[in-house]
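These notes are about the structure you will find just below.
In this note's numbering, the protein residues as written are 3 to 63.
What follows is the structure, encoded as structure tokens:
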């Protein structure tokens, strides 16, 4: 993992060797379920257990 401290794990597992491999960068796109619903023109029923109403849900843009 790019975020793991390899030397810490190596010491924990008895100073085992650390192998590295060059990686690639992959772009990530974030999709919100509500946006997909909107693009599909799908409307979640207001009485659905998955429905959130009022101020309980405010997505940060």
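All residues carry an ideal CB built from backbone N, CA and C; glycine is no exception.
- In the three-state reduction of the DSSP assignment, residue 11 falls in the helix class.
- With a cutoff of 8 Å on beta-carbon distance, residue 41 and residue 47 are scored as not near each other.
- The DSSP-derived three-state label of residue 35 is helix.
- Secondary structure at residue 48: coil, using DSSP grouped into helix, strand and coil.
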